[in-house]
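There are 2 protein chains.
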Amino acid sequence: MADVDVFAALASPTRRQLLGLLLDQGARPVQELAEHFDMRRPSLSEHLRVLKDAGLVVERRAGRQRLYSLRPEPLRELSEWLTPYERFWREKLSNLRDLLDAEGDQMDGDPR
Amino acid sequence: MADVDVFAALASPTRRQLLGLLLDQGARPVQELAEHFDMRRPSLSEHLRVLKDAGLVVERRAGRQRLYSLRPEPLRELSEWLTPYERFWREKLSNLRDLLDAEGDQMDGDPR
DNA sequence: TTGACCGGTAGGCAATCGCCTACCTATCAT
DNA sequence: ATGATAGGTAGGCGATTGCCTACCGGTCAA
Chain A
1 MADVDVFAAL
11 ASPTRRQLLG
21 LLLDQGARPV
31 QELAEHFDMR
41 RPSLSEHLRV
51 LKDAGLVVER
61 RAGRQRLYSL
71 RPEPLRELSE
81 WLTPYERFWR
91 EKLSNLRDLL
101 DAEGDQMDGD
111 PR
Chain B
1 MADVDVFAAL
11 ASPTRRQLLG
21 LLLDQGARPV
31 QELAEHFDMR
41 RPSLSEHLRV
51 LKDAGLVVER
61 RAGRQRLYSL
71 RPEPLRELSE
81 WLTPYERFWR
91 EKLSNLRDLL
101 DAEGDQMDGD
111 PR
């Protein structure tokens, strides 16, 4: 378990697509996942290992297959990271911020 | 403009910390940002360029300084990507999904 | 038991990353 | 005009990434 950062795990479009497949289709064996990619199976295995190390998927053995399924909990970290940024686009405050910035302000006073 | 993927831009802890600084403190010159990192200034410049290429910061010149400020709009893409996953942890449906998966189902319907 | 199948691991290789030092241009102060 | 300051760019270098082929062990079917 290499304890992979969830942000780093999501940096790859292939890995995001894997999560999307698992979200839409539920647990799936490696072979079936591989059909969706123009890539050899061992490469997919490596992507799946990164996702597993990040806690984003779990593996369950079923005969000679290994079923991977989504484990969305680590995405909570992403959501929480995003929270303080959200109001800036939801409330369209970017322009206000630009104005504030233009005056060379500090924000909540701790000028070093 | 190398048109950088926002997910890739966020993969680096240094770049996330830069965004956090700009969020808390508003526009800042490079030098002041650099004080928060154990890294030479040119490396920071490279990180800032990645953020700029991803549209996450904007640069404004002020004398011989360049003030970088947050541009959170691209984070909306992240938020939208996250949306379909959210209900799985918010409604604690992971266990239900595990049960469904265990039967090797497809999941086209909307199990709610 | 033997062969086919599922999928992980090993190792090679080119490309990219992330840091560095050295250097360059632009601006400001004297 | 000269020197100091802000910060981007060039290029080197080791580490990492992402793909590949080859191989290996475990499971199932005949």
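Sequence order for the protein chains is A and B. In terms of full-length UniProt numbering, the first sequence is numbered consecutively and its last residue is 112. In terms of full-length UniProt numbering, the second sequence is numbered consecutively and its last residue is 112. The C-beta atom is built at its ideal place from N, Cα and C for all residues, glycine as well. Note that this is a predicted model, so its numbers are computed, not measured.
Measure the C-alpha to C-alpha separation of residue i and residue j and round it to an integer number of angstroms.
i: L51 (chain B); j: L51 (chain A); result: 24 Å
i: G26 (chain B); j: A34 (chain B); result: 15 Å
i: L56 (chain B); j: S79 (chain B); result: 14 Å
i: R64 (chain A); j: S45 (chain B); result: 50 Å
i: D5 (chain B); j: R60 (chain A); result: 32 Å
i: D13 (chain B); j: R87 (chain B); result: Note on identity: in this sequence residue 13 (chain B) is Pro, with Asp being the wrong assignment. Approximately 27 Å, taken between the alpha carbons.
i: L23 (chain A); j: D3 (chain B); result: 28 Å
i: E77 (chain B); j: R66 (chain A); result: 32 Å
i: V58 (chain A); j: L70 (chain A); result: 7 Å
i: S43 (chain B); j: M39 (chain A); result: 34 Å
i: E32 (chain B); j: E32 (chain A); result: 51 Å
i: W89 (chain B); j: W89 (chain A); result: 24 Å
So residue i and residue j are supposed to be a Cβ contact under 8 Å. How far apart are they, rounded?
i: A54 (chain B); j: A9 (chain B); result: 4 Å
i: Y85 (chain A); j: P72 (chain B); result: 5 Å
i: A11 (chain B); j: F7 (chain A); result: 5 Å
Confirm, please, whether the CB-CB distance from residue j to residue i is below 8 Å.
i: L82 (chain A); j: Y68 (chain A); result: no
i: L19 (chain B); j: R28 (chain B); result: no
i: R41 (chain A); j: V30 (chain A); result: yes
List, in order along the chain, the chain B residues whose C-beta lies closer than 8 Å to that of residue i?
i: A11 (chain A); result: D5, F7, A8, L10 and A11
Can you pull the chain B residues whose beta carbon is under 7 Å from the beta carbon of residue i, in chain order?
i: E32 (chain A); result: Going along chain B, no residue has its Cβ under 7 Å from E32 (chain A), so there is no contact; the nearest lies around 11 Å.
Can you list the residues of chain A that residue i reaches, using a CB-CB cut of under 9 Å?
i: P84 (chain B); result: G20, L23 and D24
Query - Short-range partners of chain B found in the stretch 37-67 of chain A, where Cβ spacing is below 9 Å - result: V58, R60, A62 and L67
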